[in-house]
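K.L.:
Take a look at the following structure, please.
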Amino acid sequence: MTDTMNKARLSEDREIETDLPQRMDRLPWSSWHVRIITALGTSWLLDGLEVTLVGSLSGILESKQGLSLSDPQVTAAATTYLAGAVIGALLFGHLTDRLGRKKLFLVTLATYSVATVCTAFSQGFLFFAVCRFFTGLGIGGEYAAINSAVDELIPGKVRGTVDLFVNGTFWVGASVGSVTALVLLGGSLFPQATSWRYAFGIGGGLGLLVLLLRLAVPESPRWLMLRGREEEAETIVRDVEQRVTTSSGKALPRPEGEKLKITVRDHTPWKEIFVNMLGENRQRSFLGLALMIAQSYFFNAVFFTYALVGKRFFHVPDQKLPLQLLPFAIASFLGPFVLGPLFDRIGRKPMITATYAIAGILLGAICLPFATGSLRLKGLGICFSIIFFVASSAASAAYLTVSEIFPLEIRAFAIALFYAIGTCIGGVGAPLLFGVLIHTGSKPAVAAGYALGAVLMVGAAVLEAFIGVEAAGKSLESVSKPLQSK
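Here you go:
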């Protein structure tokens, strides 16, 4: 036993040299990368589908055809989902850094899928709430596991474009969720007493199908080299290089830069994590926190309470509420799709500053017309669609920023931590605040809530302009040096 432990310690203390990061970054975009993104990027799509479906089905769940839930029970179920997401992010985020990207993005998706399918069989509030908690647990873990894996497998020169596109697929899910809810609520295909069950079954079934695709996704070579498993990492990178050269018919360029020297160890101590985040990278932590809170409040204040605004102030019937959200979801996907390449061509700092500032200014501009009643439902929908076109790129850039500016050893946990804080403040605080503001029946009160979101977005833009980190076209290791490197 002693000899084994001594060998383990010697293995951890050894140093290795590697050029794997440079070799991954020099790869041209290929069909292999497309398959990776297809398998991993669907996590955001499923989250968008989940959030939109549940929001649209709240009316049925309160009826006798559903689960006869009361208003407090519906709110409590939403809270358990958010609590699960926060706990899942922190738990699985830490485990992703410690145990590997692949293990965790399989576990998190399986957790989401099984819990969502089980939700369809709910017979009462307690079982429904427990299922919502575990659904949130899986989704929260997905954010950390997927964003870290995507950034570590994608070439640095297109990382911004790909990251924004992947995060933007949330809105594809939201669009699908809106249309699905609209069809199911119509009652033409299934009785309303069972239609909501099919809705949850669809989400869980899609998750299980995606799980099969992920089995073919390799572990991050960057993570493997930290753990001293350089032979496995070398095998993965060599296989990818061979696939790319075979499909393109061109030789790959020589890797640029010096080899990375790192000391192998099996985990990063908690003390070292927080010393880095609160010490050396304190300014970056403050930036990531500001970007996450601003975008979380913005979207939860506007998008996820818009159905209540439409019903309260414009008397939109329950059956048509999903249709009101569809233009916002489409605009929110088109934004990252159109603007994403500019984050690599123009740069992170100017684009993040611009998208946050423009979204905040546009939101502030509609506050007075909305408060005075001069902005009708159609006009409000057009304005929000334009705003979301810009704001969705800003929101996606927040995750991109956090995943780039922290060391490899703590990347997933950093994403999880700032997602959790942003969700607690924006994801929980914004709906609670707007629930109170909308209940007053006062448009000026709701406009004041929008104004707060505008201030947060503009404030985040100012911070980005002054302390933002330019990472466009750079390797992850040059943006933030690994803690284990020499």
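Numbering of the sequence shown is given in my numbering, commencing with residue 581 and proceeding in unit increments.
The beta-carbon is built from N, C-alpha and C at its ideal position, and this holds for glycine as well.
Would the beta-carbon of Ala1051 fall within 8 Å of that of Arg928?
P.N.:
Here residue 1051 corresponds to residue number 471 of the sequence shown, with the count starting at 1. Here residue 928 corresponds to residue number 348 of the sequence shown, with the count starting at 1. Yes. Within cutoff.
K.L.:
Exposed or buried, which one is Gly859 when buried takes at least 16 other CB atoms within 10 Å?
P.N.:
On the sequence shown, residue 859 is found 279 positions in, with the first residue counted as 1. By the 10 Å Cβ count, Gly859 comes out exposed.
K.L.:
When the Cα atoms are used, what is the spatial distance from Phe708 to Asp924?
P.N.:
Numbered from 1 along the sequence shown, position 128 holds the residue referred to as residue 708. Numbered from 1 along the sequence shown, position 344 holds the residue referred to as residue 924. Answer to the nearest angstrom: the Cα atoms are 43 Å apart.
K.L.:
What would DSSP say about Glu814, mapped onto helix, strand or coil?
P.N.:
As a first step, residue 814 is located in the sequence shown; it is residue number 234 there, counting from the start. In this structure, Glu814 counts as helix in the three-state DSSP scheme.
K.L.:
Would you mind sorting Pro834 into buried or exposed? The rule is 16 or more other CB atoms within 10 Å of its CB.
P.N.:
Against the sequence shown, residue 834 aligns to sequence position 254. Sequence check: residue 834 is Arg here, not Pro. It is exposed - the Cβ of Arg834 has fewer than 16 other Cβ atoms within 10 Å.
K.L.:
Return the residue from the list Leu786, Pro916, Arg794 and Pro1024 that minimises the CA-CA distance to Ile967.
P.N.:
For the purposes of this step, residue 967 is identified with residue 387 of the sequence shown, where counting begins at 1. Checking every option, the nearest Cα to that of Ile967 belongs to Pro916.
K.L.:
Taking the alpha carbon of Leu686 as the point to measure from, which residue in Phe986, Leu806 and Gly621 has its own alpha carbon closest?
P.N.:
Position 106 of the sequence shown, counted from the first residue, corresponds to residue 686. That would be Gly621, whose Cα lies nearest to the Cα of Leu686.
K.L.:
Is there contact between the region 665-679 and the region 716-732, where contact requires at least three CB pairs shorter than 8 Å?
P.N.:
These segments touch.
K.L.:
Would you check if the distance between the CB atom of Met604 and the CB atom of Val763 is smaller than 8 Å?
P.N.:
On the sequence shown, position 24 is the one that residue 604 refers to. On the sequence shown, position 183 is the one that residue 763 refers to. It is not a contact, given that the beta carbons lie outside the stated cut-off.
K.L.:
Could you tell me whether the Cβ atoms of Gly920 and Phe745 are closer together than 8 Å?
P.N.:
One-based indexing of the sequence shown puts residue 920 at position 340. One-based indexing of the sequence shown puts residue 745 at position 165. It is a contact, given that the beta carbons lie within the stated cut-off.
K.L.:
Roughly how many angstroms separate the alpha carbons of Cys1004 and Arg956, rounded to a whole number?
P.N.:
Working through the sequence shown from its first residue, we reach residue 1004 at position 424. Working through the sequence shown from its first residue, we reach residue 956 at position 376. Cα-Cα distance, rounded: 32 Å.
K.L.:
Closest by CA to Gln875, which one among Gly781, Ala974, Asp819 and Ser954?
P.N.:
Locating residue 875 in the sequence shown gives position 295, counting from the first residue. The shortest C-alpha separation from Gln875 is found at Ala974.
K.L.:
Alpha carbons only, please: which of Cys963, Leu793, Gly1021 and Tyr999 is nearest the one belonging to Ala1071?
P.N.:
This structure cannot speak to residue 1071, because the chain is shown only from 581 to 1066.
K.L.:
With respect to the beta strand (DSSP E) encompassing Ile1079, which residues constitute its N-terminal and C-terminal limits?
P.N.:
No statement about residue 1079 is possible, as the shown extent of the chain runs from 581 to 1066 and does not include it.
K.L.:
In this structure, how does DSSP classify Ser976 when only helix, strand and coil are distinguished?
P.N.:
Along the sequence shown, read from residue 1 onward, the residue named residue 976 stands at position 396. Helix.
K.L.:
Between the alpha carbons of Val697 and Val790, how many angstroms are there, rounded?
P.N.:
Here residue 697 corresponds to residue number 117 of the sequence shown, with the count starting at 1. Here residue 790 corresponds to residue number 210 of the sequence shown, with the count starting at 1. Rounded to the nearest angstrom, the two C-alpha atoms are 14 Å apart.
K.L.:
Between which two residues does the alpha helix (DSSP H) containing Thr715 stretch?
P.N.:
Translated into the one-based positions of the sequence shown, residue 715 becomes position 135. Phe705 to Leu733 is the span of the alpha helix (DSSP H), which, as asked, contains Thr715.
K.L.:
Could you have a look at Ile926 and say whether DSSP puts it in helix, strand or coil?
P.N.:
Along the sequence shown, read from residue 1 onward, the residue named residue 926 stands at position 346. Correct three-state label for Ile926: coil.
K.L.:
If you draw a straight line from the C-alpha of Ser800 to the C-alpha of Pro1011, how long is it?
P.N.:
The residue labelled residue 800 in the question sits at position 220 within the sequence shown. The residue labelled residue 1011 in the question sits at position 431 within the sequence shown. Cα-Cα distance, rounded: 37 Å.
K.L.:
Which residues does DSSP pair with Thr598 in a beta bridge?
P.N.:
Residue numbering aside, residue 598 sits at position 18 when the sequence shown is read from its first letter. According to DSSP, which records beta bridges pairwise, Thr598 is partnered with Leu840.
K.L.:
Quick test of the definition: if touching needs 3 or more C-beta pairs under 8 Å, does the region 1026-1042 touch the region 878-886?
P.N.:
A contact exists between the region 1026-1042 and the region 878-886.
K.L.:
Spell out the partners DSSP gives Ser1065 in its beta bridges.
P.N.:
Reading the sequence shown from its first residue, position 485 is the one you call residue 1065. Answer is Ile842.
K.L.:
From Gly1053, Glu989 and Lys683, pick the residue whose C-alpha is nearest to that of Leu795; which is it?
P.N.:
The residue given as residue 795 occupies position 215 in the sequence shown. When only C-alpha atoms are compared, the closest one is Lys683.
K.L.:
Taking the alpha-carbon of Glu810 as reference, which of Ile640, Ile926 and Ile842 has the nearest alpha-carbon?
P.N.:
The residue given as residue 810 occupies position 230 in the sequence shown. When only C-alpha atoms are compared, the closest one is Ile842.
K.L.:
To the nearest angstrom, how far is it from the Cα of Ala588 to the Cα of Asp599?
P.N.:
As a position in the sequence shown, residue 588 is number 8, starting the count at 1. As a position in the sequence shown, residue 599 is number 19, starting the count at 1. At Ala588 the pLDDT is 45, less than 50, meaning the model places this residue with poor confidence and gives no usable figure here.
K.L.:
Are there three or more Cβ pairs, one per stretch, closer than 8 Å when the region 978-995 is compared with the region 735-751?
P.N.:
Contact holds: three or more Cβ-Cβ distances are below 8 Å.
K.L.:
Taking the alpha helix (DSSP H) that His1019 falls in, what are its first and last residues?
P.N.:
As a working note, residue 1019 is residue 439 in the sequence shown. It spans Gly1009 to His1019 - the alpha helix (DSSP H) in which His1019 sits, taken as one unbroken run.
K.L.:
Thinking just about the alpha-carbon of each residue, which of Arg823, Thr826, Ser623 and Gln822 is nearest to the one in Ile719?
P.N.:
Taking the first residue of the sequence shown as 1, we reach residue 719 at position 139. Closest option to Ile719, Cα to Cα, is Ser623.
K.L.:
Expressed to the nearest angstrom, what Euclidean distance is found between the alpha-carbon atoms of Ala813 and Gln653?
P.N.:
Translated into positions along the sequence shown, residue 813 becomes position 233. Translated into positions along the sequence shown, residue 653 becomes position 73. Approximately 49 Å between the Cα atoms of the pair.
K.L.:
Return the chain-ordered list of same chain residues with a C-beta closer than 6 Å to the C-beta of Arg892, the five sequence neighbours on each side being excluded.
P.N.:
For the purposes of this step, residue 892 is taken as residue 312 along the sequence shown, with counting starting at 1. Around Arg892: Ile1018.
K.L.:
Does the separation of the CB atoms of Ala937 and Val1049 fall below 8 Å?
P.N.:
Taking the first residue of the sequence shown as position 1, residue 937 is located at position 357. Taking the first residue of the sequence shown as position 1, residue 1049 is located at position 469. Against a cut-off of 8 Å, the Cβ pair of Val1049 and Ala937 comes out as no contact.
K.L.:
Give the DSSP-derived three-state secondary structure of Trp850 in the structure shown.
P.N.:
By 1-based counting over the sequence shown, the position of residue 850 is 270. In this structure, Trp850 counts as helix in the three-state DSSP scheme.
K.L.:
Helix or strand or just coil, what does DSSP make of Pro949?
P.N.:
As a working note, residue 949 is residue 369 in the sequence shown. DSSP places Pro949 in helix when its eight states are reduced to three.
K.L.:
I'd like the list of long-range same chain contacts for Gly944, defined as Cβ closer than 7 Å, with 5 residues on each side in sequence excluded.
P.N.:
Your numbering for residue 944 matches position 364 in the sequence shown. Hits under 7 Å: Ala1031 and Ala1034.
K.L.:
Do you know how far the Cα of Ser728 is from the Cα of Ile873?
P.N.:
In the sequence shown, residue 873 corresponds to position 293, counting from 1. In the sequence shown, residue 728 corresponds to position 148, counting from 1. Between Ile873 and Ser728, the C-alpha separation is close to 20 Å.
K.L.:
Look at the alpha carbon of Thr1068 and the alpha carbon of Tyr692, and state the distance between them as a whole number of angstroms.
P.N.:
No answer is possible for residue 1068: it lies beyond the span of the chain, which begins at 581 and ends at 1066.
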